[in-house]
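Trainee:
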Amino acid sequence: MCVLSAITIWTNKRYSFTSFFKQSDWGSSEAFWIGFALFLLNSFRFIAKPCAINLGIQDSGPHRAQPNAILEKVFTSITKSPDGKRLEGLSKQLDWDVRKIQRWFRHRRNQDKPTTLTKFCESMWRFTFYLSIFFYGIRFLWTVILCLLTVLSLFVFQPLTSRLYYYYILELAFYWSLMFSQFTDIKRKDFLIMFVHHLATIGLITFSYMNNMVRVGTLVLCLHDASDFLLEAAKLANYAKYQRLCDAFFMLFGVVFIVTRLGIYPFWILNTTLFESWELIGPYPSWWLFNGLLITLQMLHIIWSYLIIRTAYKALMRGKVRFCVGTNLTPSLPIKRSHFLCSYQSYSGFHSTNAFSLTRYLVF
Numbered sequence: 450m451c452v453l454s455a456i457t458i459w460t461n462k463r464y465s466f467t468s469f470f471k472q473s474d475w476g477s478s479e480a481f482w483i484g485f486a487l488f489l490l491n492s493f494r495f496i497a498k499p500c501a502i503n504l505g506i507q508d509s510g511p512h513r514a515q516p517n518a519i520l521e522k523v524f525t526s527i528t529k530s531p532d533g534k535r536l537e538g539l540s541k542q543l544d545w546d547v548r549k550i551q552r553w554f555r556h557r558r559n560q561d562k563p564t565t566l567t568k569f570c571e572s573m574w575r576f577t578f579y580l581s582i583f584f585y586g587i588r589f590l591w592t593v594i595l596c597l598l599t600v601l602s603l604f605v606f607q608p609l610t611s612r613l614y615y616y617y618i619l620e621l622a623f624y625w626s627l628m629f630s631q632f633t634d635i636k637r638k639d640f641l642i643m644f645v646h647h648l649a650t651i652g653l654i655t656f657s658y659m660n661n662m663v664r665v666g667t668l669v670l671c672l673h674d675a676s677d678f679l680l681e682a683a684k685l686a687n688y689a690k691y692q693r694l695c696d697a698f699f700m701l702f703g704v705v706f707i708v709t710r711l712g713i714y715p716f717w718i719l720n721t722t723l724f725e726s727w728e729l730i731g732p733y734p735s736w737w738l739f740n741g742l743l744i745t746l747q748m749l750h751i752i753w754s755y756l757i758i759r760t761a762y763k764a765l766m767r768g769k770v771r772f773c774v775g776t777n778l779t780p781s782l783p784i785k786r787s788h789f790l791c792s793y794q795s796y797s798g799f800h801s802t803n804a805f806s807l808t809r810y811l812v813f
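Start counting the sequence shown at 450; every next residue gets the next number (my numbering).
Laid out in structure tokens, this is it:
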């Protein structure tokens with residue numbers, strides 16, 4: 450009883466805790482679809498790999514470095530990219546040419562990267578998840594739009610149906626998997642940004658559920674899922690070397706991303722949660738946290754939109770871009786206009802991403 454009282458105070462004193470949860474009965478169809486999803490997850494590799502092979506993607510990794518105990522020790526315990534002074538010392542020690550040592554370190558760095566086939570399979574899994582969860586969530590969007598005519602319906606008075614409950618559970622489980630997987634993947638330049646994003650996302654899903662602000666939570670989830678499957682589609686086309694299709698998907702992704710993240714999200718959702726909800730129900734402890742997380746997410750949207758626009762502009766104006774944001778490539782490496790998406794290793798569960806380092810993180 451004390452726990453329920455504490456949660457009520459944390460959420461809003463005007464309503465009792467029982468106002469927050471009015472779940473409908475379990476539907477028999479949910480069990481079927483969850484079972485089907487588990488089967489799909491377990492057998493997806495048997496679907497994606499044949500598709501990749503039919504598209505001509507080979508399971509051939511990069512050239513492996515020649516075994517050498519001294520260089521391997523330097524690589525694993527000192528540095529993966531030795532400077533000129535260290536290269537000269539290794540050259541004298543091994544009686545190797547400096548260029549040969551540089552080539553060894555380059556091959557050694559590349560051999561840890563996943564193959565194109567692996568990245569294709571991971572992107573295909575993410576594409577399938579994003580597309581499925583978007584169309585599953587779009588069914589709730591029409592109800593949300595009607596209920597937004599009365600802003601108070603954002604809060605408390607929404608029955609938490611079993612379908613909506615499992616929508617939340619699937620999204621929350623997915624983002625927890627991203628949170629853990631980033632610590633086991635190859636560390637990327639945007640590690641801190643993605644860590645903040647995952648924390649904000651998990652916090653938003655959790656607190657919108659606790660406060661029963663599932664209408665606005667559902668809207669935000671669906672809005673953010675709208676662009677991610679387009680990015681994964683662009684990556685799939687890039688791995689299969691359909692560059693025109695890749696460019697088309699990426700440009701479509703950029704338009705949808707900017708419209709949803711810099712247009713609809715701040716001027717509709719944030720306006721409602723920050724100002725209209727203040728007038729109707731007033732602030733309460735978790736209200737500050739919830740809106741703080743929404744604002745944090747918007748700041749990340751601005752950063753990513755800037756990266757998308759800048760890179761696309763350079764590609765169109767100069768015919769090439771000077772670097773891939775968030776990749777492990779050398780910053781001065783030129784990239785052709787047709788190769789908008791530079792593949793690079795990423796993470797599990799949603800593991801490879803593209804040059805703009807936007808894949809796993811463009812989602813609330």
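All residues carry an ideal CB built from backbone N, CA and C; glycine is no exception. Note that the structure is a prediction, hence the values are computed from the model and not measured.
Given this structure, state the Cα-to-Cα distance separating Arg558 from Gln692, to the nearest angstrom.
Mentor: Counting from 1 along the sequence shown, the entry for residue 558 is found at position 109. Counting from 1 along the sequence shown, the entry for residue 692 is found at position 243. Their backbone Cα atoms lie some 26 angstroms apart in a straight line.
Trainee: Considering only the alpha carbon of each residue, which of Phe739, Cys695, Arg612 lies closest to Val669?
Mentor: Taking the first residue of the sequence shown as position 1, residue 669 is located at position 220. Taking only the C-alpha atoms, the option nearest Val669 is Phe739.
Trainee: Using a threshold of 9 angstroms, state whether the C-beta atoms of Met657 and Leu711 are closer than that.
Mentor: Against the sequence shown, residue 657 aligns to sequence position 208. Against the sequence shown, residue 711 aligns to sequence position 262. Here the sequence assigns Ser to residue 657, which means Met is not the residue at that position. No.
Trainee: What three-state label does DSSP hand Phe632 in the structure shown?
Mentor: The residue labelled residue 632 in the question sits at position 183 within the sequence shown. In the structure shown, Phe632 sits in coil (DSSP, three-state: anything other than H, G, I, E or B).
Trainee: Let me confirm a value: Ala622 is counted as buried when at least 16 other C-beta atoms fall within 10 Å, else exposed. Which label applies?
Mentor: Locating residue 622 in the sequence shown gives position 173, where the first residue counts as 1. Exposed is the call here.
Trainee: In terms of residue numbering, what span does the alpha helix (DSSP H) encompassing Ala686 cover?
Mentor: As a first step, residue 686 must be located in the sequence shown, where it is residue number 237. Unbroken alpha helix (DSSP H) run through Ala686: 663 to 688.
Trainee: Can you give me the C-alpha to C-alpha distance between Val725 and Pro732, rounded to a whole angstrom?
Mentor: In the sequence shown, residue 725 corresponds to position 276, counting from 1. In the sequence shown, residue 732 corresponds to position 283, counting from 1. For the record, residue 725 in the displayed sequence is Glu; it is not Val. Glu725 and Pro732: Cα-Cα distance of roughly 11 angstroms.
Trainee: Taking the alpha carbon of Leu746 as the reference point, which residue from Leu648, Arg552, Pro499, Arg548 has its own alpha carbon closest?
Mentor: Sequence index remark: in the sequence shown, residue 746 carries index 297 (1-based). Out of Leu648, Arg552, Pro499, Arg548, Leu648 has the C-alpha closest to the C-alpha of Leu746.
Trainee: Expressed to the nearest angstrom, what Euclidean distance is found between the alpha-carbon atoms of Gly505 and Lys541?
Mentor: Taking the sequence shown and counting its residues from 1, one reaches residue 505 at position 56. Taking the sequence shown and counting its residues from 1, one reaches residue 541 at position 92. For Gly505 and Lys541, the distance between alpha carbons rounds to 44 angstroms.
Trainee: Between which two residues does the alpha helix (DSSP H) harbouring Glu537 extend?
Mentor: As a first step, residue 537 must be located in the sequence shown, where it is residue number 88. Glu537 -> alpha helix (DSSP H) spans 533 to 543.
Trainee: Given this structure, state the Cα-to-Cα distance separating Ala497 from Phe632, to the nearest angstrom.
Mentor: One-based indexing of the sequence shown puts residue 497 at position 48. One-based indexing of the sequence shown puts residue 632 at position 183. Straight-line Cα distance between these residues: approximately 25 angstroms.
Trainee: Could you give the residue range of the alpha helix (DSSP H) that holds Gln551?
Mentor: Along the sequence shown, one-based indexing puts residue 551 at 102. Note, Gln551: alpha helix (DSSP H), 547 to 559.
Trainee: May I ask which residues mark the beginning and end of the alpha helix (DSSP H) holding Gly652?
Mentor: The sequence position of residue 652 within the sequence shown is 203, counting from 1. Taken as a continuous stretch (DSSP letters only), the alpha helix (DSSP H) holding Gly652 covers 640 to 659.
Trainee: Quick check on the burial criterion: 16 or more other C-beta atoms within 10 angstroms. Buried or exposed for Phe716?
Mentor: Your numbering for residue 716 matches position 267 in the sequence shown. Classification for Phe716: exposed.
Trainee: Can you give me the Cβ contacts of Trp625 inside the same chain, cut-off strictly under 7 angstroms, excluding the 5 residues immediately before and after it?
Mentor: The residue given as residue 625 occupies position 176 in the sequence shown. For Trp625, where only same-chain residues beyond five positions count, the Cβ hits under 7 angstroms are Ile651.
Trainee: Is the CB-CB distance between Tyr615 and Thr667 below 9 angstroms?
Mentor: Numbered from 1 along the sequence shown, position 166 holds the residue referred to as residue 615. Numbered from 1 along the sequence shown, position 218 holds the residue referred to as residue 667. Cβ distance not < 9 angstroms, so Tyr615 and Thr667 don't count as in contact.
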